[in-house]
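Here the structure comes first, spelled out in structure tokens, and everything after it is commentary.
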Amino acid sequence: MSSSVRIGDIIDDAKISVYQIVILILCFLIVLVDGFDTAVIGYIAPSLKDTWGLAPAQLAPVFGAGLFGLMIGSLVFGPIADAVGRKRVLLVSVFVFGACTLASAYSTSIEMLTALRFLTGLGLGGAMPTCITLTSEYSPARRRMIMVTLSWSGFTAGLALGGLLAGQIIPVFGWRGVLVLGGIVPLAMLPLLAWYLPESARFMASRPDHQGALRKVVEKITGSRWEGGMILEDERSPSAKSPISQLFIDGMALRTVLLWSAFFCSLFVFYLITSWLPSLLKDAGYDITHASRIGAMVPVGGTVGAILLALLMDRVGPYRVLAASYLGAAVMIAATGYLIDDIYKLAVAVFLIGFGVAGAQNGLNLVSASIYPTTARVTGVSWAMACGRLGSITGSTMGAWLMATAGDTQTFFWWLALPVLVGALVVFTLYLISLTRNASLPGVSPYSN
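Numbering that gives the first Met the number 0 applies: residue 0 is where the sequence shown begins, and numbers increase by one.
Here you go:
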């Protein structure tokens with residue numbers, strides 16, 4: 000029998016197969032409904048205010064509960080997925096956020112809706128990282144950046160779809176109709192996912208009793224019968240130090256703190272805008288349909304930006320691209336308050352904000368996976384994302400206070416531009432550090448092992 004071979008080498012050496020494209024599409028669809036259900040509360044917020052007679056401040060706990068659940072779900076489901084398998088956790092996560100979103104449609108009070116949004120967030124937090132991991136593991140190193148980006152873009156596409164559909168559904172079926180759709184679709188997808196989505200290749204390679212299933216997966220990828228020997232997990236570099244300590248030793252402490260700061264600032268602004276922009280536009284005189292459509296321009300721009308910036312990062316490196324993207328977004332945010340009365344200019348400005356902030360956030364995810372050694376890579380990414388989740392919770396809950404304190408729309412958007420400007424400065428500082436350390440990133444996938 001032939002000598003053993005590692006699963007990473009098989010995937011990297013083979014051409015991209017139809018089977019891998021199917022996996023990418025399925026993960027994209029999961030992340031799409033994940034994004035839809037994450038943002039749905041922002042699009043139905045104006046209707047909730049009218050239905051239950053709520054003040055803006057009373058909506059803040061609903062926004063924060065879902066994002067807090069999302070952060071907890073990421074921390075809890077990640078280790079479980081490593082222990083029992085990605086697919087099982089992914090199916091459970093999809094069931095949880097689908098069922099809880101559907102149940103939310105029948106909420107009778109803001110307190111009930113808040114509790115259900117927290118439970119929804121738990122499922123959303125488990126689904127996202129698992130999908131990104133599966134896409135990464137089934138992508139060859141030479142195409143991993145763009146394939147992971149395409150999978151991640153499902154999230155911003157879902158945010159945009161939520162705005163577009165909310166504008167059509169709410170006038171006819173009310174805000175509950177949007178939640179019913181957000182619950183039924185992921186639940187209907189479960190049989191398809193259970194049948195077609197494979198278990199993690201590296202998870203199966205690490206367990207001898209999964210060799211039979213892994214060989215079938217390899218045959219689908221390579222397009223030929225597997226006649227080789229044992230398929231092994233990729234080697235991992237040994238380290239005597241804990242993964243957490245590796246984020247702060249060997250000169251990494253400053254880079255880690257800067258990276259966390261960029262994540263916080265980026266997601267602070269992104270979630271504040273997606274959560275509160277529809278309400279702000281409604282108060283400015285726009286009806287719910289136009290407010291939802293304009294709000295949807297943020298994730299639409301993010302989807303386009305994620306793909307184009309990923310391609311550009313391959314050519315000129317990530318730091319300069321991301322710093323310029325955040326800087327441009329800060330300028331557009333500052334200008335938005337002066338365009339509030341022109342629907343067409345406003346839509347273009349909001350699109351460019353999404354392009355710069357959400358598009359760059361995807362690139363920041365890729366960077367976070369590249370600056371740490373293999374033995375601390377997952378820890379580095381997860382801890383950076385935790386800081387981002389903290390920013391998203393803070394941003395979504397501070398929206399009402401910030402609008403009230405600013406006093407007028409122009410001042411509100413000027414203040415909102417400041418965190419994005421800080422993000423641009425932080426990323427540029429990372430670029431300067433990379434130059435002094437000869438650590439600038441060429442066009443190599445940050446997810447390569």
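Ideal Cβ positions, reconstructed from N, Cα and C, are used throughout, including at glycine.
| Check | Outcome |
| --- | --- |
| Runs of beta strand (DSSP E) lying entirely within the region 10-37, each at least 3 residues, in chain order | none |
| Where R5 falls: helix, strand or coil (DSSP) | strand |
| Residue range of the alpha helix (DSSP H) that includes T107 | From DSSP, T107 is part of no alpha helix (DSSP H); its letter is neither H nor E. |
| For M146 and T134, believed in contact at Cβ under 8 Å, the rounded distance | 6 Å |
| Exposure of T155, with buried meaning 16 or more beta-carbon neighbours within 10 Å | buried |
| For R85 and F202, the rounded distance between their alpha carbons | 8 Å |
| Contact between the region 290-308 and the region 421-431 (3+ Cβ pairs under 8 Å) | no |
| Sub-8 Å separation of L90 and L192 beta-carbons | yes |
| Spatial distance of G52 from L112 (CA atoms) | 15 Å |
| Through-space distance from G181 to G34, alpha-carbon basis | 10 Å |
| C-alpha gap between I449 and T50, whole angstroms | The displayed coordinates of the chain run from 0 to 448. Any statement about residue 449 would go beyond what the structure contains. |
| S16 versus R214 - alpha carbon distance | 15 Å |
| Under 8 Å between C-beta atoms of M397 and L271 | yes |
| Rounded Cβ spacing between V75 and A126 (contact assumed at less than 8 Å) | About 13 Å separates the two Cβ atoms, so there is no contact after all. |
| Buried or exposed by the 16-neighbour rule on C-beta atoms within 10 Å, applied to E136 | buried |
| T408 classed as buried or exposed, judged by whether at least 16 other C-beta atoms fall within 10 angstroms | buried |
| Distance CB(T273)-CB(A38) smaller than 8 Å | yes |
| Touch test, the region 245-264 against the region 303-310, Cβ-Cβ under 8 Å, three pairs minimum | no |
| Bridge partner(s) assigned by DSSP for I230 | V4 |
| Heavy atom of the ligand MN within 7 Å of V39 beta-carbon | Absence of the ligand MN from the depicted structure is noted, as is the absence of any ligand whatsoever, leaving it without description. |
| C-beta atoms of P277 and G41 nearer than 8 Å | yes |
| Neighbourhood of L160 by C-beta, 6 Å cutoff - its chain only, sequence neighbours within 5 removed | F35 |
| Meets three-Cβ-pair contact criterion under 8 Å: the region 95-111 and the region 171-190 | yes |
| Nearest candidate by alpha-carbon position, reference T148, set V330, G7, V30 | V30 |
| Residue from L123, L401, L429, R224 whose Cα sits closest to the Cα of L66 | L123 |
| Touching by the beta-carbon criterion (3+ pairs, under 8 Å), the region 334-342 and the region 166-179 | no |
| Assumed close pair T393, F267 - CB separation to whole angstroms, cut-off 8 Å | 6 Å |
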